[in-house]
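Peer 1: Below is a structure I'd like to ask you about.
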Amino acid sequence: MNESLHKVGRSEIRVDGYDKVTGRTKYYEDRMPPEALYVRIKHAEKAHAIVKAVDKSRAEAIPGVVKVLSCFDVPDLPFPTAGHPWSMDPGHQDVADRHLLNRHVRYWGDDVAVVIAENEVAANQGVRALTVEYEELPFVLDAQKAMEPGAPQLHERFPNNILKHTDYRRGDYRAAIREPGLVKVEGWYETPTVQHAHIENHGCFAWMENGRITVVSSTQIPHIIRRVVGQALGRPWADIQIVKPYIGGGFGNKQDALYEPLCAWCCTQVGGRPVRIDCAREETFVSNRVRHAIRFHIVTWLRPDATIAARKVELWSNQGAYASHGHSIAAKAVNSFPQHYPCENMEGDAWTVYTNRPAAGAMRGYGMPQASFADEANIEDCARAMGMDPVEFRRLNVMPQGFHDAFSGNTNYYDSFRQCMDRGAQLIDYARKREEYSHESGNIRRGIGVATFWYNTAVYPISLETSSNRMLLNLDGSVTMQCGETEIGQGADTAYAQMAAEAIGLASYRDVHVVSCQDTDITPTGLGAYASRQTYVAGFSIRQTAGLLKEKILKYAQALTRQSPEVMDIADGKIVRKVDGAVLMSLKELAMTAQYDPVHSEHITAESTYTIRNNAYSFGCTFAEVEVDIQMCKAQVKRIVNVHDCGSLINPALAEAQVHGGQSMAIGFGLSEQLLFDEKTGRPLNNNLLDYKLSTFMDHPRLEADFIENPEPTSPFGTKALGEPPACSGAPAIRNAILQATGVAVDKLPINPHTLFAEFTKAGLIHDPWREEV
Amino acid sequence: MYDMKALYEAQSVQDAVRLRLEHPEAQIIAGGSDVLVQMREGKRAGKELISIYMLDALRGVSVDEEDNVRIGSLTSFSHITRDPIIQKYVNVLGEAVDQVGSPQIRNIGTIGGNTCNGVTSADSASTLHAWEAVVELTGKNGVRRLPIKDFYLKAGVVDIRAEDGEIQTAILIPKESYENCFGKYIKYGMRNAMEIASLGCSVNVRLSPDRKYIRRCRIAYGVAGPVPMRVPSAEAVANGSRPTREMIDEFALAVLLDINPRDSWRSSKAFRQHIAVEMARRALTESIERAGGVIE
């Protein structure tokens, strides 16, 4: 086929682009029934307590308040919230550890009661008028402290607050470290609690019709939410209908049942009238989900030739108060090490531990930004210990071409790591700058650093991977398509349109109308948007369903053209004869005839499900250049370059934008973001956009992205992960650049001025003469 | 939806004074970038508001008959930054208020609100202290003027007499204060935009005609204490001195004799002290250079 006929691999304009930039796109609030009652939540103002009583009387007396409900009114049906596919194996099902409203308060911000009112002001006044009587309990905020004997216990079923512990032993670590001449590089690395801070806060509304409950929600995972709402309310799953309109970002926070179950239940308590829950930003920070703070201990033993003899990794993942995605994150993090820098003798241990902090769930990268920071900080220190250039050290030790992981079945088909590093080094002029910045002195210092990562595209074989798709041939020859994988701002709908146009043989991706909104009553079952799998998994079902649609079209064309389906094809929206390229008829002509033929009328559709039993390695690296003002304790990123091998690009412009977003998140993770808690009370201190320091436009350099397009052999479109990968390697690259600039290795994120003040003081880089005087 | 009891829209300064006397509990609202945020947080929920936002007479910058630079209290930060009079005489004030929040906040936020809020971190406050601004208040008894240092009573509290129906109508910078003065404001934040100052430092100098000596140096901080403050110990070092590296270092260290920053989760006292010294050093250096001086 002529290259120009390809619909994939082109930077097409987003299918939802014009509406989004002109403000026409409808989000959940834009679909709100005007009569919806406001549900506002009373959040606990204790980190750990038992609710003894809730006095509703003052709230109930406020004009406009319709109903007040407390933790004493909810059904005793503990439910899980993680947006994981259902597992038929009870041992792999998510932990059901929370109620709609909780009598046992496990973090500051837990949900204790709700006020339902005719307007927002009355609802908020009602919440302020509630009096909650608590029996206070001791609390614990740190994961390792929560494991100590005598620590406060959060959940009865989990002694020492350990939600789960997993480990691996490869070779013989203890024997291996006795090899003579080894150099030991050991470190403790820490990443903070951060939050997704998507633009649109989570919210939803629900109403009842004919005994069923409909919930319209800002979610990534409508089909999974239906199951969780059913579990939480004790109703058959098909009693629930979930509708997902456009959403203003999710980044994993909305890969969880947030307030959909509570909203659905409140609806049932007011006779099925529409009710709405709209999270404020302050609630989003604390009472939705956060990223797991993880502490790592890594010991690496190096041979004189700079190869790795043995490595030990331990990590403690701070789960917060409820299981949510739980140990999946820590497991992913700890299991990344043996594949990233394979060595024969490795030990790994991961603990996921309940604490009295907000519940941690999925967040872009799912443990990998944390693991990447610790791994790449330690590897950088290894390179320094061996006196080697960091890129050279990585080239020597990073996953080689041909590496195969038996568990996932993944193979490193190309030499992607080295290709990515070579391209990145060239783009940022690494060798020259590394040399130029090798002896920085004075107050303003520059440095350059690198970090690499690998990432699994989808969740096979840990969880089910299934994708369903439906296509309908329209009378104008275009195709309407429904996918179960959701558009959450990443541009998935556009990629789907391009893939479908390619697979069917349409003239343009504009001839595919992707139904963006998923409705569990209508949309074929899919699992939503998570991992970095949408384009990859949808690719399978799109290719398969397009094949079925094409078969039906050509079969119908047989009667009209008197040609065998085998000799025909669809190209550029027309039925053509393969051998001579003769145009037999247009799709429009075919569709009209098929629909209105008085003898043989047919509505041409296709639908299918594909169970994906593959996964795919995605690779990449970040190069960062920083400028450090020592006295001001500030680091600024001057350049940041990411190079990814995410397979063949479906839409290069969207891919680049995806990288930019991830780089931005990495800059915040590296330099400024951190949710803080008061040690004395467990109260969150900075759950607002002023005190929680997201990096702003002014904190970003120009973001640079490039790609190595090695086609992924398992994907029908040669594609693999790019959703989360750009968020993984940025923070350690920045850390390593600061190390080159200043000689100071910072092992705790974020590397903000407070951290640098402490580290530079310790290193003797800043010196206040007046301090000695006083 | 905001939880406000009532909103009264003032039609003139006199009308605003009358409304204030009629509703002594009411909160004055100008741009709303502070008041509405507090109302949403529940702090001022259920309050009455008197809006003075439509009073165009309180907008704009001029030089009055006494040669004061007169800034109407409702002048927005964006307008102050772009105003030619400000740029000519008190350019540093324009630079300082250009560091408030975001462009949207700078379009709505007013210098009157920034000062009446009484917070130590306000970006305009340290510069207004360093330039010895005068606050003009209008009430039932007419106009009252007071030096800005007396306007700030304590954290979050300013000297506006609600019982006299007072509202702030202007901020004045006297000629003696701005003539031949050049300054620099440094805001220290944890990021480069959308930020509240961890510390703000405003310095200005007037050099001798031959530019060999510092005739007068003034330095003020925000967030170095409960209210914005001048730093007399440092000023005493610079006044009458030659602009040398050693003098600047001594000046910077002298800051610590007067400032008293807090230890809080936002920043430690030790950190703020360290930064304060470095800011003083840089702000004085830049001020001298802007005044055409050469550092020896």
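These protein sequences, in sequence, are chains A and B.
Here the first sequence is numbered in numbering that gives the first Met the number 0, starting from 0 and rising by one per residue.
Here the second sequence is numbered in numbering that gives the first Met the number 0, starting from 0 and rising by one per residue.
Glycine is no exception: its CB is placed at the ideal position from the N, C-alpha and C atoms.
Note that the structure is predicted; figures quoted are calculated from it, not measured.
Rounded to the nearest angstrom, how far is the Cβ of residue 253 (chain B) from that of residue 223 (chain B), given a contact under 8 Å?
Peer 2: For the purposes of this step, residue 253 (chain B) is identified with residue 254 of the second sequence, where counting begins at 1. For the purposes of this step, residue 223 (chain B) is identified with residue 224 of the second sequence, where counting begins at 1. Not confirmed; about 13 Å, so no contact.
Peer 1: Return the chain-ordered ranges of every beta strand (DSSP E) run that is complete within the stretch 169-246 of chain B and spans a minimum of 3 residues.
Peer 2: Complete beta strand (DSSP E) runs here, min 3: 181-187, 198-206 and 213-221.
Peer 1: Using a Cβ-Cβ cut-off of less than 7 Å, list which residues of the stretch 190-204 of chain B approach chain A; keep chain order.
Peer 2: Listed in sequence order: 190, 191, 192, 193 and 195.
Peer 1: May I ask you to report which of helix, strand or coil DSSP gives residue 219 (chain A)?
Peer 2: For the purposes of this step, residue 219 (chain A) is taken as the residue at position 220 of the first sequence. If DSSP states are grouped into helix, strand and coil, residue 219 (chain A) belongs with coil.
Peer 1: Taking CB distances under 8 Å as the criterion, tell me whether residue 257 (chain B) reaches chain A.
Peer 2: Here residue 257 (chain B) refers to the residue found at position 258 when the second sequence is read from its first residue. Chain A contact via Cβ: absent.
Peer 1: Looking only at its own chain, which residues have a Cβ that is under 7 Å from the Cβ of residue 773 (chain A), when we skip the five neighbours before and after it?
Peer 2: The count along the first sequence starts at 1 and reaches residue 773 (chain A) at position 774. Residue confidence for residue 773 (chain A) is low, a pLDDT of 42 falling below 50, so the modelled location carries little weight and cannot support an answer.
Peer 1: Whose Cβ in chain A lies nearer than 8 Å to the Cβ of residue 277 (chain B)?
Peer 2: If you number the second sequence from 1, residue 277 (chain B) lands on position 278. Result: 630 and 631.
Peer 1: At least one CB of chain B closer than 8 Å to the CB of residue 0 (chain A): is that the case?
Peer 2: Reading the first sequence from its first residue, position 1 is the one you call residue 0 (chain A). With a pLDDT of 45 at residue 0 (chain A), under the threshold of 50, the predicted position of this residue should be treated as unreliable, though the coordinate-derived value follows. Residue 0 (chain A) does not count as touching chain B.
Peer 1: For the stretch 156-166 of chain B against the stretch 121-137 of chain B, do three or more pairs of beta-carbon atoms, one drawn from each stretch, fall closer than 8 Å, so that the two count as touching?
Peer 2: These segments touch.
Peer 1: Of the choices A:715, A:653, A:250 and A:348, whose alpha-carbon is the least far from that of residue 609 (chain A)?
Peer 2: The residue labelled residue 609 (chain A) in the question sits at position 610 within the first sequence. Minimum Cα distance to residue 609 (chain A) is reached at A:715.
Peer 1: So, are the CB atoms of residue 341 (chain A) and residue 286 (chain A) less than 8 Å apart?
Peer 2: By 1-based counting over the first sequence, the position of residue 341 (chain A) is 342. By 1-based counting over the first sequence, the position of residue 286 (chain A) is 287. No. Outside cutoff.
Peer 1: Using a Cβ-Cβ distance cut-off of 8 Å, determine whether residue 270 (chain B) contacts chain A.
Peer 2: The count along the second sequence starts at 1 and reaches residue 270 (chain B) at position 271. Judged by the 8 Å Cβ criterion, residue 270 (chain B) is in contact with chain A.
Peer 1: Could you work out which residues of chain B lie near residue 697 (chain A), taking near to mean beta carbons separated by less than 8 Å?
Peer 2: By 1-based counting over the first sequence, the position of residue 697 (chain A) is 698. Those are 190, 191 and 192, listed as they occur along chain B.
Peer 1: Using the beta-carbon of each residue, which ones in chain A are nearer than 9 Å to residue 274 (chain B)?
Peer 2: One-based indexing of the second sequence puts residue 274 (chain B) at position 275. Chain A residues near residue 274 (chain B): 630, 631, 632, 752 and 756.
Peer 1: Kindly provide the ranges of any beta strand (DSSP E) runs that are 3 or more residues long and lie completely inside the stretch 607-674 of chain A, ordered along the chain.
Peer 2: Qualifying beta strand (DSSP E) stretches, in chain order: 616-628 and 633-644.
Peer 1: Look at the alpha carbon of residue 582 (chain A) and the alpha carbon of residue 566 (chain A), and state the distance between them as a whole number of angstroms.
Peer 2: The residue labelled residue 582 (chain A) in the question sits at position 583 within the first sequence. The residue labelled residue 566 (chain A) in the question sits at position 567 within the first sequence. Each residue's Cα considered, the two are about 12 Å apart.
Peer 1: Compute the distance between the beta-carbons of residue 355 (chain A) and residue 153 (chain A), then report whether it is under 8 Å.
Peer 2: By 1-based counting over the first sequence, the position of residue 355 (chain A) is 356. By 1-based counting over the first sequence, the position of residue 153 (chain A) is 154. Their beta carbons are under 8 Å apart, which means residue 355 (chain A) touches residue 153 (chain A) by this criterion.
Peer 1: Throw me the rounded Cβ distance for the residue 111 (chain A) and residue 6 (chain A) pair, which I believe falls under 8 Å.
Peer 2: Taking the first sequence and counting its residues from 1, the one referred to as residue 111 (chain A) is at position 112. Taking the first sequence and counting its residues from 1, the one referred to as residue 6 (chain A) is at position 7. The Cβ separation is near 53 Å, so there is no contact.
Peer 1: Do you know how far the Cα of residue 508 (chain A) is from the Cα of residue 0 (chain A)?
Peer 2: Within the first sequence, numbered from 1, the residue matching residue 0 (chain A) stands at position 1. Within the first sequence, numbered from 1, the residue matching residue 508 (chain A) stands at position 509. In this predicted model, residue 0 (chain A) has a pLDDT of only 45, less than 50, meaning its place in the structure is not dependable enough to derive any value.
Peer 1: Given a cut-off of 8 Å, decide if residue 366 (chain A) and residue 297 (chain A) are closer than it, judged by their beta-carbon atoms.
Peer 2: For the purposes of this step, residue 297 (chain A) is taken as the residue at position 298 of the first sequence. For the purposes of this step, residue 366 (chain A) is taken as the residue at position 367 of the first sequence. No, Cβ-Cβ distance for residue 297 (chain A) and residue 366 (chain A) is not below 8 Å.
Peer 1: If you follow the alpha helix (DSSP H) that residue 419 (chain A) is part of, which residue opens it and which one closes it?
Peer 2: The count along the first sequence starts at 1 and reaches residue 419 (chain A) at position 420. Note, residue 419 (chain A): alpha helix (DSSP H), 415-427.
Peer 1: Can you tell me whether residue 113 (chain B) is helix, strand or coil according to DSSP?
Peer 2: Here the question's residue 113 (chain B) lines up with position 114 in the second sequence. Correct three-state label for residue 113 (chain B): helix.
Peer 1: Taking Cβ-Cβ distances shorter than 8 Å, what residues in chain B pair up with residue 464 (chain A)?
Peer 2: Within the first sequence, the letter at position 465 stands for residue 464 (chain A). Under the 8 Å cutoff, chain B gives no residues; its nearest Cβ is about 40 Å from residue 464 (chain A).
Peer 1: Please report how far the alpha carbon of residue 1 (chain B) lies from the alpha carbon of residue 199 (chain A), in whole angstroms.
Peer 2: Within the second sequence, residue 1 (chain B) is the residue found at index 2, counting from 1. Within the first sequence, residue 199 (chain A) is the residue found at index 200, counting from 1. Near 20 Å, if we compare the C-alpha coordinates of residue 199 (chain A) and residue 1 (chain B).
Peer 1: Can you pull the chain A neighbours of residue 41 (chain B), defined as C-beta to C-beta under 8 Å?
Peer 2: One-based indexing of the second sequence puts residue 41 (chain B) at position 42. By Cβ distance, chain A contributes 123 and 127.
Peer 1: Helix, strand or coil: which one does DSSP assign to residue 87 (chain A)?
Peer 2: The residue labelled residue 87 (chain A) in the question sits at position 88 within the first sequence. Here residue 87 (chain A) sits in coil by DSSP.
Peer 1: Can you tell me where the beta strand (DSSP E) with residue 318 (chain A) in it begins and where it stops?
Peer 2: Counting from one through the first sequence, the residue named residue 318 (chain A) turns up at place 319. Run containing residue 318 (chain A): 307-319, per the beta strand (DSSP E) assignment.
Peer 1: DSSP three-state call for residue 534 (chain A): helix, strand or coil?
Peer 2: Along the first sequence, one-based indexing puts residue 534 (chain A) at 535. Looking at residue 534 (chain A) - three-state DSSP - the assignment turns out to be helix.
Peer 1: So residue 452 (chain A) is in the beta strand (DSSP E); what residue range does that whole segment cover?
Peer 2: One-based indexing of the first sequence puts residue 452 (chain A) at position 453. Here the beta strand (DSSP E) through residue 452 (chain A) covers 443-455.
Peer 1: Just mark residue 411 (chain A) as buried or exposed, buried being the case when its beta carbon has 16 or more other beta carbons within 10 Å.
Peer 2: Looking up residue 411 (chain A) in the first sequence gives position 412. It counts as buried.
Peer 1: Grab me the residues of residue 43 (chain A)'s own chain with a C-beta within less than 6 Å of its C-beta, minus the 5 sequence neighbours each way, in chain order.
Peer 2: Position 44 of the first sequence holds residue 43 (chain A). Closer than 6 Å at Cβ, skipping near neighbours: 104, 109 and 111.
Peer 1: Between residue 77 (chain B) and chain A, is there a C-beta pair that is closer than 8 Å?
Peer 2: In the second sequence, counting from the first residue as 1, residue 77 (chain B) sits at position 78. Not an interface residue.
Peer 1: With burial defined as no fewer than 16 other Cβ atoms inside 10 Å of the residue's Cβ, what is the status of residue 17 (chain A): buried or exposed?
Peer 2: Taking the first sequence and counting its residues from 1, one reaches residue 17 (chain A) at position 18. By the neighbour-count rule (16 or more Cβ atoms within 10 Å), residue 17 (chain A) is not buried but exposed.
Peer 1: In whole angstroms, give me the CA-to-CA distance for residue 201 (chain A) and residue 259 (chain A).
Peer 2: The residue given as residue 201 (chain A) occupies position 202 in the first sequence. The residue given as residue 259 (chain A) occupies position 260 in the first sequence. Rounded to whole angstroms, residue 201 (chain A) to residue 259 (chain A) spans 10 Å at the Cα level.
Peer 1: Residues of chain B with CB closer than 7 Å to the CB of residue 689 (chain A), please, in chain order.
Peer 2: Against the first sequence, residue 689 (chain A) aligns to sequence position 690. In chain order: 195.
Peer 1: Under 8 Å, do residue 352 (chain A) and residue 161 (chain A) count as touching if we go by C-beta distance?
Peer 2: Along the first sequence, read from residue 1 onward, the residue named residue 352 (chain A) stands at position 353. Along the first sequence, read from residue 1 onward, the residue named residue 161 (chain A) stands at position 162. Closer than 8 Å, so yes.
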